[in-house]
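Engineer: Below you will find the structure I want to go over with you.
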Amino acid sequence: MNKFAKLLGVLLLFAQLVIAQDKDKMPKNWHLLDPATSGYNGISLDKAYDLLKTKNLKSNRVVVAVIDSGIDTLHEDLKPVLWVNKNEIPHNGIDDDKNGYVDDVHGWNFIGGKDGRNVKVDSYEGARVYHALKPKWENKTVDVATLSEADRKEYETYLRAKNKIVGELDMQEISMVKTLLPKLEVGDSVIRKELGKEEYNGDDLSAFETENQDAKMSKAFIMSISKANNSNDITNNDILNEFKSILRKAETATTAPPEYRKEIVQDDETDINDRFYGNNDLMASTPFHGTHCAGIIGAARNNGLGMDGVADNVSIMMLRAVPDGDEHDKDIALAIRYAVDNGAKVISMSFGKDFSPEKHWVDDAFRYAEKNGVLLVHAAGNDRKNIDTAHNYPNPNYVAGGKASNVITVGASGDKKNGGLTASFSNYGKNEVDVFAPGVGIYSTIPGTTTYGNASGTSMACPVVAGIASLILQYYPKLTPQEVKYVIEKSAVISKEPVNKPGSDDKVLLSELSRTGGFVNAYEAIKLADQISNKQAPKKSLPKSTIKKGKLG
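Residues in the sequence shown are numbered consecutively from 0, following numbering that gives the first Met the number 0.
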């Protein structure tokens with residue numbers, strides 16, 4: 000899931016030498032605060048913990064799987080909460096528990112090779128689909144009425160991919176990036192030389208004074224992007240990589256993308272049953288995204304360090320399956336299954352894409368989680384689009400019909416003091432987005448043993464909800480995923496005032512942007528969970544799994 004808002008607006012501002020103004024200073028933990036007492040649109044977390052203290056309930060440890068880019072396993076606020084596979088002896092090179100994954104002590108890396116190499120950058124699924132189908136359909140006169148159902152669907156997918164890769168190219172953005180990237184690279188080299196460090200962020204630049212004009216321009220440009228994304232933690236390398244990613248994406252209009260994953264992972268990507276691949280390197284590349292999400296869920300609380308996660312008694316299982324680019328369906332499906340098989344009760348999924356060629360594999364994994372009582376929490380995405388009509392994957396709608404009952408889809412909320420009650424970048428959908436949760440300027444753990452910083456996105460809103468779900472299950476472990484989903488949605492605080500519709504200047508009610516029309520609230524959720532548990536609400540029946548015994552798929 001991209002950590003950047005769309006760059007074009009920022010580039011235009013920079014071209015006009017207009018730098019975004021700072022928003023009102025927000026408390027680092029604003030997303031946890033109580034709206035009534037603090038004035039910030041948080042989740043009332045302390046109030047929830049105060050209520051739990053009056054119940055004298057036992058806290059049960061909950062395993063939360065985070066399917067993401069990896070995690071800094073040495074971080075001071077995460078080391079105490081890492082999931083440990085007790086059946087595996089660390090670093091002995093032996094598959095002690097005979098589950099097919101060697102030394103999977105804290106989770107598994109599904110986009111690594113057995114030789115220790117790792118997939119860091121990958122292509123976009125739309126490009127992969129377009130170039131895979133192009134030889135069959137390009138320049139063909141097609142009478143859709145004569146096509147079989149399978150060919151018709153494939154042809155429609157081809158046209159959609161072609162439009163995405165060729166038709167939606169933002170030539171103005173690409174032209175600006177091509178013009179500015181060389182200048183940025185020169186200015187960046189000057190700043191790196193003057194700072195004496197290869198990587199720096201917005202905070203470093205704020206304190207940096209120079210008379211060098213190239214460095215001044217580069218400083219202003221990078222700081223404008225940091226401010227536009229409500230994060231001083233975006234680094235020079237993040238900016239450079241994003242620019243290069245835009246150009247790389249543009250190239251796929253004419254050239255098939257490199258097969259990054261195939262060259263490193265070396266499994267049979269067409270076979271879901273070829274599942275014992277990867278490695279145990281969870282810190283591959285720079286796992287900013289996964290480290291940040293993990294901290295939001297369960298960074299050690301009340302230890303005087305950095306920040307507090309939402310849940311106070313969780314084990315974080317990291318499953319690395321998301322590169323810089325689009326994830327592959329096989330890796331996601333197997334990561335979900337690994338999480339279920341190894342005891343996760345909540346799975347946090349802050350990623351997404353526009354195409355899912357093997358969605359049936361992911362659907363079966365959703366059913367597997369559903370059958371085994373595991374809740375899935377998914378970020379709605381950062382494209383300012385209505386996912387009731389736009390394609391967005393993964394989603395709970397099964398290809399074969401029906402809908403998963405154990406999935407919560409989360410949009411990103413903010414605060415009036417940092418841009419509005421809804422995040423300007425968030426996807427929305429009256430039917431497909433369930434709730435909104437804080438996702439703007441969220442302070443959490445980032446790579447570096449003692450390092451913390453802000454990030455924005457539905458990627459941050461998703462782990463807030465995963466944290467609330469985990470907190471509920473800590474104290475009310477008999478609740479089913481469907482009941483936890485019901486509790487979180489039913490207890491959401493309804494917004495009665497109009498909010499900004501992402502991607503426009505329109506003001507609408509939140510009920511036009513989500514099923515519930517509400518912002519998640521931990522206190523209200525705990526209150527409702529307690530009521531349901533005491534009433535011993537009947538368990539909802541689970542749909543039958545379509546998974547065949549012995550083989551996956």
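Just so you know, even glycine gets a beta-carbon here, dropped at the ideal spot from N, CA and C.
1) Hey, quick one: how far does the beta strand (DSSP E) through Ser-443 stretch, first residue to last?
2) Given 8 Å as the limit, is there contact between the stretch 315-324 and the stretch 97-116, that is, 3 or more CB pairs closer than that?
3) To the nearest angstrom, how far is it from the Cα of Asn-520 to the Cα of Lys-415?
4) Apart from the five residues on each side of it in sequence, which residues of its chain come closer than 6 Å, Cβ to Cβ, to Asn-98?
5) According to DSSP, simplified to helix, strand and coil, what is Ser-455?
6) What number of angstroms, rounded off, separates the C-alpha of Leu-478 from the C-alpha of Tyr-392?
7) With a threshold of 6 Å on Cβ separation, who are the neighbours of Gln-20 within its own chain once the five nearest residues in sequence on each side are excluded?
8) Just confirm the distance between the C-beta atoms of Lys-329 and Glu-268, as a whole number of angstroms; I'd bet it's less than 8 Å.
9) Could you tell me if Gly-69 is buried or exposed, where buried requires 16 or more neighbouring beta carbons within 10 angstroms of its beta carbon?
10) What did DSSP end up calling Ala-343 once you bin it into helix, strand or coil?
11) Could you tell me the distance, in whole angstroms, from the CA atom of Gln-481 to the CA atom of Ala-528?
12) Between which two residues does the beta strand (DSSP E) carrying Met-317 extend?
13) Can you tell me whether Tyr-367 is helix, strand or coil according to DSSP?
14) Could you tell me whether the stretch 408-423 touches the stretch 448-465, where touching means 3 or more Cβ pairs closer than 8 Å?
15) Can Ser-349 and Val-434 be called in contact, C-beta distance under 8 Å?
16) Which whole-angstrom value is the C-beta distance of Thr-444 and Leu-77, which I expect to be below 8 Å?
17) Do Asn-236 and Glu-184 have their CB atoms nearer than 8 Å?
18) What does the alpha-carbon distance come out to for the pair Lys-384 and Lys-57?
19) Please classify Asp-202 as buried or exposed, where buried requires at least 16 other C-beta atoms within 10 Å of its C-beta.
20) Using the rule of at least 16 other Cβ atoms within 10 Å of the residue's Cβ for burial, across every protein chain shown, is Ser-147 buried or exposed?
21) How big is the Cα-Cα spacing for Lys-344 and Ile-66?
22) Can Arg-260 and His-359 be called in contact, C-beta distance under 8 Å?
23) Taking just the CA atoms, how far does Leu-246 sit from Lys-177?
24) Going by DSSP in three states, Leu-132 sits in which element: helix, strand or coil?
25) Cα separation between Ala-310 and Glu-172?
26) Alpha carbon to alpha carbon, how far is Lys-22 from Leu-194?
27) What number of angstroms, rounded off, separates the C-alpha of Ser-469 from the C-alpha of Asp-45?
28) Which two residues bound the contiguous beta strand (DSSP E) that contains Asn-108?
29) Less than 6 Å between C-beta atoms, sequence neighbours within five positions excluded: which residues of the same chain meet that for Ala-571?
30) Return the first residue and the last residue of the beta strand (DSSP E) that His-377 is part of.
31) May I have the straight-line CA-CA distance separating Ala-454 from Ala-403, to the nearest angstrom?
32) According to DSSP, is Ser-494 part of a helix, a strand, or is it coil?
33) Between Ile-190, Pro-322, Phe-424, which has its C-alpha nearest Ile-263's C-alpha?
34) From Val-376 to Gln-212, what does the alpha carbon distance come to, in whole angstroms?
35) Please classify Ser-503: is it buried, with 16 or more other beta-carbons within 10 angstroms of its beta-carbon, or exposed?
36) Write down the C-beta distance between Gly-428 and Asn-278 rounded to the nearest angstrom, noting that I regard them as a contact closer than 8 Å.
Structural biologist: So, from the listed chains and residues:
1) 441-444 is the span of the beta strand (DSSP E), which, as asked, contains Ser-443.
2) In this structure the stretch 315-324 touches the stretch 97-116; the number of beta carbon pairs closer than 8 Å is three or more.
3) Between the alpha carbons of Asn-520 and Lys-415 lies a gap of roughly 17 Å.
4) Here Asn-98 has no same chain residue with a Cβ atom under 6 Å from its own Cβ, once five neighbours each way along the sequence are excluded.
5) Three-state result, Ser-455: coil.
6) Near 27 Å, if we compare the C-alpha coordinates of Tyr-392 and Leu-478.
7) Note on Gln-20: pLDDT 34, under 50, position unreliable in the model; the coordinate value appears next. So the list is empty, once near-sequence residues are dropped.
8) Yes, they are in contact, since the Cβ atoms of Lys-329 and Glu-268 sit about 6 Å apart, within 8 Å.
9) Looking at its Cβ environment, which holds 16 or more other Cβ atoms inside 10 Å, Gly-69 is buried.
10) In the structure shown, Ala-343 sits in coil (DSSP, three-state: anything other than H, G, I, E or B).
11) Just so you know, the alpha carbons of Gln-481 and Ala-528 end up roughly 12 Å apart.
12) Annotation: the continuous beta strand (DSSP E) that includes Met-317 extends over 313-319.
13) DSSP places Tyr-367 in helix when its eight states are reduced to three.
14) Yes, they touch.
15) With contacts defined by Cβ atoms closer than 8 Å, Ser-349 and Val-434 do not form a contacting pair.
16) Cβ-Cβ separation between Thr-444 and Leu-77: approximately 6 Å, consistent with a contact (criterion under 8 Å).
17) Asn-236 is not a Cβ neighbour of Glu-184, given a cutoff of 8 Å.
18) It is roughly 42 Å from the alpha-carbon of Lys-384 to the alpha-carbon of Lys-57.
19) Answer is exposed; the Cβ neighbour count stays below 16.
20) By the 10 Å Cβ count, Ser-147 comes out exposed.
21) Each residue's alpha carbon lies about 13 Å from the other.
22) Not closer than 8 Å, so no.
23) Computed Cα separation, rounded: 8 Å.
24) Helix at Leu-132.
25) Between the C-alpha atoms of Ala-310 and Glu-172 there is a straight-line separation of about 41 Å.
26) The predicted model places Lys-22 with a pLDDT of 47, which falls under 50 and marks its position as unreliable; any figure quoted below should be read in that light. A direct Cα-Cα distance of roughly 27 Å separates Lys-22 from Leu-194.
27) The alpha-carbon atoms of Ser-469 and Asp-45 are separated by roughly 15 Å.
28) Boundaries of the beta strand (DSSP E) around Asn-108: 106-108.
29) For the chain, the structure presents residues 0 to 552; residue 571 sits outside this window and is missing.
30) First-last of the beta strand (DSSP E) with His-377: 374-378.
31) When rounded, the distance between both Cα atoms is 30 Å.
32) For Ser-494, the secondary structure class from DSSP, reduced to helix, strand or coil, is coil.
33) Shortest Cα-Cα distance from Ile-263 to any of Ile-190, Pro-322, Phe-424 involves Pro-322.
34) Val-376 and Gln-212: Cα-Cα distance of roughly 47 Å.
35) By the neighbour-count rule (16 or more Cβ atoms within 10 Å), Ser-503 is not buried but exposed.
36) About 37 Å; that fails the 8 Å criterion.
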